[in-house]
Every structure is written in structure tokens, then in C-alpha cells.
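All remarks here apply to the structure that follows.
Number of protein chains: 2
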Amino acid sequence: MITGKNLVAGNWEHSESSAVFQTVNPKTKTALGINHQEATTIQIETAVQAAASSFEVFAESSFEDRAIFLKTIQEELQQQKSEILSSYQEESALPEGRAEGEFQRTISQIQSFIELMDNGSFSEVKIHTQGPDLRKMNFPLGPIVVFGASNFPLAFSTAGGDTISAFAAGCPVIVKAHPFHAATSELVAQAIAKAVAKCRLPLGIFSHLGGQSHDVGGQLVSHPLIKGVGFTGSYSGGKALYDLAQKREEPIPVFAEMGSINPVFILENKLKSDYSLAESLAQSITLGTGQFCTNPGLIVICDPSGAHDLAVEISKHTASMNIPPMVHDSIQNKYDKQIVDFKSSGLLKSMHHSSTCSAVIGSVGAQDFLNNKNLSEEVFGPFTLVVNCNSADQMLAVASALEGQLTVSILGDPSDKGIAKVLLSKLRTKAGRILFEGVPTGVAVTDAMQHGGPFPASSDSRFTSVGTDAIYRWLRPVAYQDCPDNLLPDALKNKNPLGLQRNVNGKITGSEI
Amino acid sequence: MITGKNLVAGNWEHSESSAVFQTVNPKTKTALGINHQEATTIQIETAVQAAASSFEVFAESSFEDRAIFLKTIQEELQQQKSEILSSYQEESALPEGRAEGEFQRTISQIQSFIELMDNGSFSEVKIHTQGPDLRKMNFPLGPIVVFGASNFPLAFSTAGGDTISAFAAGCPVIVKAHPFHAATSELVAQAIAKAVAKCRLPLGIFSHLGGQSHDVGGQLVSHPLIKGVGFTGSYSGGKALYDLAQKREEPIPVFAEMGSINPVFILENKLKSDYSLAESLAQSITLGTGQFCTNPGLIVICDPSGAHDLAVEISKHTASMNIPPMVHDSIQNKYDKQIVDFKSSGLLKSMHHSSTCSAVIGSVGAQDFLNNKNLSEEVFGPFTLVVNCNSADQMLAVASALEGQLTVSILGDPSDKGIAKVLLSKLRTKAGRILFEGVPTGVAVTDAMQHGGPFPASSDSRFTSVGTDAIYRWLRPVAYQDCPDNLLPDALKNKNPLGLQRNVNGKITGSEI
Numbered sequence: 001m002i003t004g005k006n007l008v009a010g011n012w013e014h015s016e017s018s019a020v021f022q023t024v025n026p027k028t029k030t031a032l033g034i035n036h037q038e039a040t041t042i043q044i045e046t047a048v049q050a051a052a053s054s055f056e057v058f059a060e061s062s063f064e065d066r067a068i069f070l071k072t073i074q075e076e077l078q079q080q081k082s083e084i085l086s087s088y089q090e091e092s093a094l095p096e097g098r099a100e101g102e103f104q105r106t107i108s109q110i111q112s113f114i115e116l117m118d119n120g121s122f123s124e125v126k127i128h129t130q131g132p133d134l135r136k137m138n139f140p141l142g143p144i145v146v147f148g149a150s151n152f153p154l155a156f157s158t159a160g161g162d163t164i165s166a167f168a169a170g171c172p173v174i175v176k177a178h179p180f181h182a183a184t185s186e187l188v189a190q191a192i193a194k195a196v197a198k199c200r201l202p203l204g205i206f207s208h209l210g211g212q213s214h215d216v217g218g219q220l221v222s223h224p225l226i227k228g229v230g231f232t233g234s235y236s237g238g239k240a241l242y243d244l245a246q247k248r249e250e251p252i253p254v255f256a257e258m259g260s261i262n263p264v265f266i267l268e269n270k271l272k273s274d275y276s277l278a279e280s281l282a283q284s285i286t287l288g289t290g291q292f293c294t295n296p297g298l299i300v301i302c303d304p305s306g307a308h309d310l311a312v313e314i315s316k317h318t319a320s321m322n323i324p325p326m327v328h329d330s331i332q333n334k335y336d337k338q339i340v341d342f343k344s345s346g347l348l349k350s351m352h353h354s355s356t357c358s359a360v361i362g363s364v365g366a367q368d369f370l371n372n373k374n375l376s377e378e379v380f381g382p383f384t385l386v387v388n389c390n391s392a393d394q395m396l397a398v399a400s401a402l403e404g405q406l407t408v409s410i411l412g413d414p415s416d417k418g419i420a421k422v423l424l425s426k427l428r429t430k431a432g433r434i435l436f437e438g439v440p441t442g443v444a445v446t447d448a449m450q451h452g453g454p455f456p457a458s459s460d461s462r463f464t465s466v467g468t469d470a471i472y473r474w475l476r477p478v479a480y481q482d483c484p485d486n487l488l489p490d491a492l493k494n495k496n497p498l499g500l501q502r503n504v505n506g507k508i509t510g511s512e513i
Numbered sequence: 001m002i003t004g005k006n007l008v009a010g011n012w013e014h015s016e017s018s019a020v021f022q023t024v025n026p027k028t029k030t031a032l033g034i035n036h037q038e039a040t041t042i043q044i045e046t047a048v049q050a051a052a053s054s055f056e057v058f059a060e061s062s063f064e065d066r067a068i069f070l071k072t073i074q075e076e077l078q079q080q081k082s083e084i085l086s087s088y089q090e091e092s093a094l095p096e097g098r099a100e101g102e103f104q105r106t107i108s109q110i111q112s113f114i115e116l117m118d119n120g121s122f123s124e125v126k127i128h129t130q131g132p133d134l135r136k137m138n139f140p141l142g143p144i145v146v147f148g149a150s151n152f153p154l155a156f157s158t159a160g161g162d163t164i165s166a167f168a169a170g171c172p173v174i175v176k177a178h179p180f181h182a183a184t185s186e187l188v189a190q191a192i193a194k195a196v197a198k199c200r201l202p203l204g205i206f207s208h209l210g211g212q213s214h215d216v217g218g219q220l221v222s223h224p225l226i227k228g229v230g231f232t233g234s235y236s237g238g239k240a241l242y243d244l245a246q247k248r249e250e251p252i253p254v255f256a257e258m259g260s261i262n263p264v265f266i267l268e269n270k271l272k273s274d275y276s277l278a279e280s281l282a283q284s285i286t287l288g289t290g291q292f293c294t295n296p297g298l299i300v301i302c303d304p305s306g307a308h309d310l311a312v313e314i315s316k317h318t319a320s321m322n323i324p325p326m327v328h329d330s331i332q333n334k335y336d337k338q339i340v341d342f343k344s345s346g347l348l349k350s351m352h353h354s355s356t357c358s359a360v361i362g363s364v365g366a367q368d369f370l371n372n373k374n375l376s377e378e379v380f381g382p383f384t385l386v387v388n389c390n391s392a393d394q395m396l397a398v399a400s401a402l403e404g405q406l407t408v409s410i411l412g413d414p415s416d417k418g419i420a421k422v423l424l425s426k427l428r429t430k431a432g433r434i435l436f437e438g439v440p441t442g443v444a445v446t447d448a449m450q451h452g453g454p455f456p457a458s459s460d461s462r463f464t465s466v467g468t469d470a471i472y473r474w475l476r477p478v479a480y481q482d483c484p485d486n487l488l489p490d491a492l493k494n495k496n497p498l499g500l501q502r503n504v505n506g507k508i509t510g511s512e513i
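Just so you know, the sequences run in chain order A and B. When we follow our numbering, the leftmost residue of the first sequence carries the number 1, and every step to the right adds one. When we follow our numbering, the leftmost residue of the second sequence carries the number 1, and every step to the right adds one.
Right, dumping it as C-alpha cells:
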């Protein structure tokens, strides 16, 4: 049942004095009837204090206990699955298949962290017994604030990668629910709260606070007892939180994944020979109504002959598509306005849309693109801009002018190898992930994934927000020098009771010392 | 030969218009005669542009080439050793043994990075061939600015851990020389410049700029093409650079190691039974005239009987010591002023000094310490404050009140185990390194070292500035998805031509794919 209340360290609190707001079905534009309460200053303070005072205990929980906790979260989510999915579809307008897919992604994402707990590699044990006996491993940072993302109500929200990786690290989490899917978020929070109670963990390790204004998030990020922040969303939102965190007496890390135009470079011979390009790009551009942070917003083609009108070819596919509205009116309005601005700029060669589909495909000459920096701004939604280059050099110039990106793609034929290599050298300094086949919209949850790129794609390119390496955002190393064995954490003990693979005097080994 | 010029991407430039300054022998207070030129805005711009344009080439240098470069730096330093050591002693007043020791530390520090290049573990290869083929490894961040530290003219300055770890990562470096040892810094820069030329590396990968004002450093940190900063020094200096870097349009990481009071907790039975404590603490407090970031500035003892006057015992040892002046008048004056302030605060139970030695040992009751936050401020120099606790609980209260530290020490007898465990839980959240024997002033250069702790000890507790893991400050991961083998970097190729230990589908292996 959806209550509209805030979860404060285990208690679902009703507050008479709170401002309230409702979520809206983006298809029908009707409010959904539940009054969601904005968290009060006292609730925020109580949640943070409880998170801080539960930290020492949770930090010392065994990896096994954390795995059981994550498993219990999975089970509780499964219990509430049908209610969660129906709320998800009402609040986001995203179709059933996507809801189901995102639910499964959330569950399997949790599974990957359960397996990580079993293998323990994230503790990164380094032991050096020559000279002073030094033993280093990673420990949790402290209480973390996680912001739900508007575009992924499950996989990047309440029980998404940020929350789960922080729990896996041993950090208490306070979720600031995204106001566009407050009901879905509450249902997921109920599942987590049940898991906390079932596992008899300190109740302070999880709170779930709502709010439509920026006040709740701002107070949380500014609180001296908070030690880190996870965020996925717009540049303006992420940068504002980042700046707030840097103005604190003690600055803290903010991992803001702020989006990207994910340029796709199509080399000359590939463009000539691959007739399926337009269709696969059309699919990628419109996936989730273009609301993916890896949406291909820029397609740079090398077409010296000028024979290819890729924008037209893509728009032939998008024109007849039937895609749902964006997850919220305010996002849709921003998208519509940016499209109007692009059109009225007079810089584009052409712009293609249809009366039945919100996807828009623009086309511009490379020189015009290079002369107008605002053409490389992200248009969040089902839009892409095709940049037509008349030479490989012009393509390199476009590559050089790019800001930091989550992904770049280089689609080439084997005969394009020469230019691919030069382009790759350049693009490697611009992105977190480089694709050579397919489209950037799939983000696999593995330990080899990098989701995060040079600023402004994310606030810290050294970390990923997808895949098990996301845990490193919430850890810091501590070295024990000449510590008696009985005072060492299990991971560092001579007998290696956890059976970890450890780096001992420079060699990786599972043996005792 | 010392010229006073700035090194701008391979050229030792003389500038008529530059402001000049001289370094001073702290013992004789005489200026050393060489006019050191402050770098001009044009020189700064040229150095940064050259660093940025050499980045792509240097980033693609093989690990082997970087090892040869580091080895050549070692050789060139050895060539200039006698000149460097004599300049070092003139500019710092530190004795010959220390000069020799710090030179050796610098050489062996470089050696550890040469070995790291050979083993390649820092590239942290993760390959996942199921689903999309994803291959991730670390790449250099970009041009780095390194600030020389006043208290370590060699090991934490021009060819110190920051510079060498950045070179090892594949990043160009611009050193902002510390004005207190500008001549020593120039000699070391000459050695590095010769190594760059001998190895035929792009000259832009190293510049060495001087300046007495904050302008040179400020301009460097604010330059959009700079991607990271390394600093060891005071809180005020480090925090100012940090803030400057966060105010940029693109914020960049600043690794500021800002010092610490390195509390030493001596448990009840240890205090009663170990008669050598006072002497070893006296040695640690006065080492390098107290100018170590790991100097024990706070000693917390559990003495319910009130029978021990540890401050008196330590001062018996320090009183007769003959220690040199601090490395610069301005540091000495700040130290002297802080001592006067402590004395006039009227809060201390006692303060011990001698007419022949600048070491000062203070003593205060735990409650007074807890009531006066300013007593826990760092006094940089040969000073320590003994905090007398009448119970284990009072000791825990002192532990809880501490800010972030580089190190904490828990010195206990086996019979102190109970309280040691409780104290450890608390202190683990406060420090980067925890010692159980000896004194904190030794910082071993191994992969298990952690030199860096929670704010304000350092600006980013997730990284270390000593030991081979210091390289991770200058790296970020990039994932290649479905990349043809011939376009992959060697570390990621199927055949594993570098013979690295790689994580392939979750298993560590040296095999091909």
C-alpha cells in the first residue's frame, strides 16, 4: 500500500505539517491521488543522525551478512513486484516490457553485488610483511545520500546501482526519492525496510525521504555527517549538488552522472556499405523515448561525396514509430523547447519529424557545427543531430572539439582502419566507453563496464556508476601497521579465514601467511 | 649549475621582466645569491599548452618506455647528487644524514615505480567476453601540476612521489617549485629535463616553474587544460588550491595532503610497563625538527592513578637534544607564535622547554582538551601535547572528538586488548593508517602503505600519496566495447603481449584469450 509517508530510520512517519504533492500519469495527465509528504527538517536530521550512529556497526558487518541482506532485498522486491510494476507504469508511461525489463535489471544488478560479496575482491587487500608489517584494505566511507533518477524509476533509483553498491560497501543510505515516481519509490523503500528489519540490521542504515522542492536534497548534501552522494540526472542538477558539496566545511565526493550526447562516428566505408545503420540508430534514438543517458544525440559521418542523407534515412524509420510520452511534462516541455530553439537557430540543414512521433532528426554541416558550440548541448529525448563531414580531417576536428562523454562510438569497416586508429587516439581522451559495434544505449552490468566519463559527462571520471566497480565510489583504504592478529579484520588475518585472493608481498595468493 | 631560470617545455628561459627572489640558509640567515625568476604568464601558458599537446603521445608510450624514462631520471639524479645534496643542506638546514637519506628515499621511490611498470598491475585490466565484449583498463588523466613541499625538498618535491607517480601513469607534469628550496628544485629539474631529452620523449611532458607569490600556482591550477593537482603542505595552502580547482568550469581532482596531529593513544597497562616510551616519542617528535606530516602532535594516555607525568619524561629527553632550525624563518616564526598562544591560553597543566632545544612538550587534562577545540589544531614543528585521561571512557571521548588524521597509533600491552578493540572501531573511521607499535614518523614506500586520511588530513581519503598506489590518483578507466583486436591497446589484446595478470570473466589469469 502506498502511504505518502517518509521512512525515517525504520519508522514510516506521518507529518501533519508537511507540504504534499502528487505524482501524475504522463499519458493521461491525471494526478494519481496519493499525497506524498515532503520530508521535514527534523526528519532529515533524525535520518542523518541515525545513519551516522549505525555506521560503525554496519561497517563491521561481514561480507556474508551483507550478501544475505541484499538477497533479502531481492526477495522483498519480488514479493511486491506486481504492485511496483503497476505503479511504475502509471507514473512513468513507460510500457510493460520496459517495466519488466528494468525490474529484472534491478534484481540482477543486486545479484552481481551478492556475488561480489562472496568473492570479496573489492576489499583490495594488500599485505607487505617486509619492513613494518603493513596490511591495507578498503573500508566504507560513511553515510551516503542517493538521488533517484527520473528516467529509471527502478534500476537507477531507490534500489538501483547507487543504493545497492553503497550497501555492499557497508555504508548507510538515505534515498532522496525522485518526485516524478514517488509512489514507485515508496514501494521499493518498503521492500528495503522489510529486508533491514528481517536481517536485524540497525534501522538507521536506510531512510527514504521525499520532496518536490530542492530543499530536502540540499539539506542532506550539506549535512556534516553525510560522506558521499550518488546522482544520475541533468547537468544542472548534478552540478548544483556538486557545488553544494564542495562548499561544505568538509568537502565530500559527489558522483554525478550528468549525461552526454554520446557521439557516433561513422567512417566512410562503413557508411557506404552498411545498409542497416539507419534502422539500428533509429531504434537506439527512440529507446525509452530517448530518455537514456547513453542516447546517441550526435552522429558524425564521413561522406566526401555528399551522397548520403543519413538524417532522412533515419527519419524514415522513426516517422512511423509509436513511442510513449516522456516520463514527465516538465521534461517533455524542455525537450519541445530545445527542438524549437534548434529549428529557429537557422543553423541546421534540415530537421525531420512526423506528426505521430516525437522523434526529431536534424542535419548540419561540420563547419557550422564547429562554429556553434551550442549545437553540441544535450537535447534530452528522442533527438539526434547528424553532422556531415566532407573529409576524415573534418571528422577529426569534430572529435577534437567534443567535451567529455559517457560513450563514443566508432563504426567502421575493416578498410577504415587507418582513420579509425587516429580517431581512437583522440576520442580515448574524451569518453569513458568506446564502442565499435552496435549502439551505445545498452549498458551491461559487468565488472568491465565503465559508465562515467570526463567532465561534464560525470563529475568524477575515475569511477563508474554501473557494474560492480561502482562499489569503489564508497570505499577508502586503511592500512594497519604492526597490528596484533587478533585485532585485525578477518580479511587481513594471517590465516585468511575469508579465503580471499590477497596481494601478499607483491604476489596474488589465497594462502595463509 | 644553478641559473634561476624557468624550464618551459624543454627550454631554460631567461626572462628580463620577471620578479626575482633568493633562497636563504635557515642557519646563517644569509641569502644564497642566486636570483630565481618568477614564471611569467606567458611561460605558464606555454608550459601548459605544451603539456596538453604532448599528452596524447605520452599517454600511448609503452610501460617499458616509461620504465626506461624513470631509470634515466635516477641516473641523472645520481650524476648531480653531490651538487643536489649541498644545495639541499644550504637551503633547508637539515643535516647531511637526512639529506643523504632523503636522496636515497627518492631514488628507491622511483625504483618502486620502475618495478610497477614492469608488472603493469596499475592498468587494472578487466575483460568480460560474455554479452558485449567489454575490456577496461586505466589510462592517464592528463597534464598534472605538482607543488613541491617545503619540508621534503627531494622526496615530496620535484622528483618526489607526486611527479614520479604521474609520469608512471603517463601524465605530463608541471612542477611549481617550492620557493624555500628553489635551487635544489632547479638541480633536480635539470636531471629530469636531461632524462626527457635522452629518452626522446616530447619536451612538453615536463616544465619547472618558480615563484614566491601564489600567482604562479593559482594560474596553473585554474588553467582549463590542467587535469589534476598534487600538493603536500599546510591546511590553508591545500584547501586554497582545492577551492580554486572546484571553482573552475571543469572541476578537477586535487590531492592535498594537508597534515595531521597523528594522535598516539597509550593504554593503561602499556603506560605502566613500557619504560622506553618517553625516549622513542622524544625521538619521533624531534625528527627533522618536527617537520614531518606524521609527527606525533598529540599523545593521549590512560592514567587513572595520575601517577605518570609523561610530558616531563619526554621533555627530559628532548631538553638536551641539539636540533637544527626549521627549514624557513616563516615556518619557525609560525611555530614560535603557536607555542606562545598555547602558553597564554592558560589551559595547559604544564609546558616544558629548554633553552637549547626548540622542542616543547605540553600537558593538559582530558576534559580541558575536550572543551577547547583549538587545542587539537596542528602545531607544525617539534611540539606535542600530552592529554591525560583518567579512564578508558575518557580516552574514547577524546577519540570520538578527533578530526580526520593521516595516522593514529594505539600502543597497548596484550592485557589492554579489551579497550584496544573498542578504541580501534572508533579510530578506524578517523585515519588512513593505524599503528600498533613504534612511532608514526616512518612512512614505508610499499604498495600496502596508506598516506592520506579523512578530511582535513587530506582532501581525498580514497587515495594515497606515498607508495605505488599513488599512481591511481592520475588514472581513469576506459572500456572498449567490441573493439577489433588490432585497435586495442596491448594490455587488452587477446594474445596478452605484455604478459599481464588480467581479470578475464572474473578470473585472474596471465593467459591469452
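We treat Cβ as the ideally placed atom computed from N, Cα and C, and that holds for glycine.
Collapsing the DSSP output to three states places Ile44/A in a helix. Along the segment 404-437 of chain A, going in chain order, the ones with a CB nearer than 9 Å to a CB of chain B are Gly404, Thr407, Ser409, Ile410, Gly412, Pro414, Lys417, Ala420, Lys421, Leu424, Ser425, Lys426, Arg428, Thr429, Ala431, Gly432, Arg433, Ile434, Leu435, Phe436, Glu437. Closest in C-alpha terms to Ile110/A, from the list Val466/A, Asn494/A, Pro484/A, comes Val466/A. Neighbours of Gln283/A across chain B, judged by C-beta separation under 8 Å, do not exist; the nearest C-beta is about 16 Å away. If you draw a 10 Å sphere on the C-beta of Gln394/A, you find 16 or more other C-beta atoms in it, and that means buried.
DSSP, read as helix, strand or coil, puts Ala189/B in helix. At a cut-off of 8 Å between beta carbons, Arg135/B contacts chain A. Excluding sequence positions up to five before and after Val386/A, its CB lies within less than 6 Å of the CB of Ile299, Leu310, Ala311, Ser363, all in the same chain and listed in chain order. The bridge partners DSSP lists for Gln501/A come to none.
Ala168/B is outside the set of residues whose beta carbon lies under 8 Å from a beta carbon in chain A.
Flagged as an interface residue toward chain B: Tyr242/A, by a C-beta distance shorter than 8 Å. Contact between Ile2/B and Ala183/B holds: CB atoms are separated by about 5 Å, below the 8 Å threshold. Between Val216/B and Leu241/B, the gap from beta carbon to beta carbon reaches 8 Å or more. Between Ala191/B and Leu77/B the beta-carbon gap is near 5 Å, inside 8 Å, which marks them as a contact.
In this structure, the CA atom of Ala397/A is about 35 Å from the CA atom of Ala189/B.
Closer than 8 Å to the CB of Asn503/A there is at least one CB belonging to chain B. According to the DSSP assignment, Thr464/A belongs to no beta strand (DSSP E), since it is labelled neither H nor E. The shortest C-alpha to C-alpha distance from Glu249/B to any of Glu403/A, Trp474/A, Thr129/A is the one to Glu403/A.
DSSP lists Ala431/A as the bridge partner or partners of Gln405/A. Per the Cβ contact rule, the segment 35-50 of chain B is not in contact with the segment 94-103 of chain B (fewer than 3 Cβ pairs under 8 Å).
Lys126, Ile127, His128, Gly131, Pro132, Leu134, Arg135, Lys136: these are the residues of the segment 103-136 of chain A whose beta carbon lies less than 7 Å from some beta carbon of chain B, given in chain order. For the set Phe206/A, Lys334/A, Pro253/A, Glu279/A, the Cα lying nearest the Cα of Gln291/A is the one of Lys334/A. Under the Cβ criterion of 8 Å, Ser82/B is not counted among the residues facing chain A. In the DSSP assignment, Ser350/A falls within the unbroken beta strand (DSSP E) covering 350-353. Taking Ser354/A as reference, the option from Ser320/A, Phe369/A, Gln367/A with the minimal CA-CA separation is Ser320/A. Residues of chain B with a Cβ closer than 8 Å to the Cβ of Pro251/A are, in chain order, Tyr242, Gln246, Phe455, Ser459.
In the three-state reduction of the DSSP assignment, Asn11/A falls in the strand class, which pools E and B. Counted as a single uninterrupted DSSP element, the stretch harbouring Met117/B is not any beta strand (DSSP E) but the alpha helix (DSSP H) occupying residues 96-119. Taking the C-beta atoms as reference points, Ala51/B is found no nearer than 8 Å to Phe113/B. Taking the beta carbon of Arg200/A as reference, no residue of chain B falls within 7 Å; the closest one sits roughly 19 Å away. At a Cβ-Cβ threshold of 8 Å, Pro324/A and Glu268/A do not count as neighbours. Boundaries of the alpha helix (DSSP H) harbouring Leu281/A: 277-286, taken from the DSSP string. Ser18/B sits in coil when the DSSP states are folded into three classes, being neither helix nor strand. Under the three-state reduction of DSSP, Arg248/A is assigned to coil, being neither helix nor strand. The residue from Gly238/A, Ala195/A, Gly233/A with its alpha-carbon nearest to that of Ser157/A is Gly233/A.
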